[in-house]
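**Student:** Take a look at this one; I'll ask things after.
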């Protein structure tokens, strides 16, 4: 299944994408795509619904993050060897774990806002892993059984805040609008091998990132198992698993660093095979309500 949440910010309704790519309203079946709807039992119940009996949603409504009430937004750094190289950092011996704030989560096509005074805001297409069952100290062998599904994420990052301001990476990763998620949550039965998904990102129509989850240093099963050794993973938690090369920070010309960062009016388009695409326009800083 491809589960979605659609509608105005704060007023999203649950839906699903049918076999013909049309949006169907699920609000007569469930109130929202909440953590309690992500267990194997709950998803199996939804899978039995005759989608052609669900109301069609007309037009092209805004899409929100496909999961409501995410408790933890966990991120993995430098999880592709070629991205580590372009960042000038060593390949990690263990997964690098940091947190993105849940307040940065937004819909896949909502505008991305430059933080106040930012000069080094960057892009990162990433595979998102949505937890469906509480996970504590799970084995790598069993780890994928705790996953509800997968989604596309743009791990937007302010590099000066992340790398030049001291302390942890978190301050450059959790700014408002820095977590576009979606458009869909694709249940794990439709993604038999999360380590074989192509991924890409364009900036203003120019291909910047092109990669595959097969080149991850630590695969999804390893990451779920690893993170569960340090914190309890709850249904609705999201792990974003790292990015392939091609970020703005790593761009070179004639062998010399020539970084490119986001500016007002830029448009990012990105996607992952089978998980849908996103488009975000970059806007200047403004105080949000």
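Numbering (the numbering used here), first residue to last: 7 to 295.
Don't be surprised by glycine CBs; every beta carbon is placed ideally from N, CA and C.
In this text the structure is predicted, and so the values were computed from the model without any measurement.
Here's a check: name, in chain order, each residue in its chain whose Cβ is nearer than 6 Å to the Cβ of residue 202, leaving out the five neighbours to either side.
**Tutor:** Answer for residue 202: 220, listed in chain order.
**Student:** Note the first and the last residue of the continuous beta strand (DSSP E) segment covering residue 231.
**Tutor:** Careful: residue 231 lies outside any beta strand (DSSP E), inside the alpha helix (DSSP H) at 226–233.
**Student:** Run through DSSP, which three-state label would residue 20 get?
**Tutor:** Strand at residue 20.
**Student:** From the DSSP output, in three-state form, read off residue 157 for me.
**Tutor:** Of the three classes helix, strand and coil, the one that applies to residue 157 here is strand, per DSSP.
**Student:** Compute the beta-carbon to beta-carbon distance between residue 189 and residue 20, rounded to the nearest angstrom, for a pair I have assumed lies under 8 Å.
**Tutor:** Incorrect: roughly 14 Å between the Cβ atoms, too far for contact.
**Student:** Which residues share a DSSP beta bridge with residue 134?
**Tutor:** Answer is 157 and 246.
**Student:** Using a 10 Å radius around the Cβ and a threshold of 16 neighbouring Cβ atoms, would you call residue 125 buried or exposed?
**Tutor:** Answer is exposed; the Cβ neighbour count stays below 16.
**Student:** Where does residue 283 sit, in a helix, a strand or coil, going by DSSP?
**Tutor:** It is a strand residue.
**Student:** Per DSSP, what kind of secondary structure is residue 12 in: helix, strand or coil?
**Tutor:** Strand, per DSSP.
**Student:** Compute the Euclidean distance between the alpha carbons of residue 150 and residue 226, then round it to the nearest angstrom.
**Tutor:** Straight-line Cα distance between these residues: approximately 8 Å.
**Student:** CA-CA distance, residue 41 and residue 169?
**Tutor:** Residue 41 and residue 169: Cα-Cα distance of roughly 33 Å.
**Student:** Which residue comes first and which comes last in the beta strand (DSSP E) that contains residue 117?
**Tutor:** Taken as a continuous stretch (DSSP letters only), residue 117 belongs to no beta strand (DSSP E), as it is neither H nor E.
**Student:** Report the rounded CA-to-CA distance for residue 136 versus residue 56, giving the unit in angstroms.
**Tutor:** If you take the alpha carbons of residue 136 and residue 56, they lie about 24 Å apart.
**Student:** Among 143, 10 and 24, whose alpha-carbon lies nearest the alpha-carbon of residue 18?
**Tutor:** Closest by alpha carbon: 10.
**Student:** Roughly how many angstroms lie between the CA atoms of residue 258 and residue 234, to the nearest whole one?
**Tutor:** For residue 258 and residue 234, the distance between alpha carbons rounds to 37 Å.
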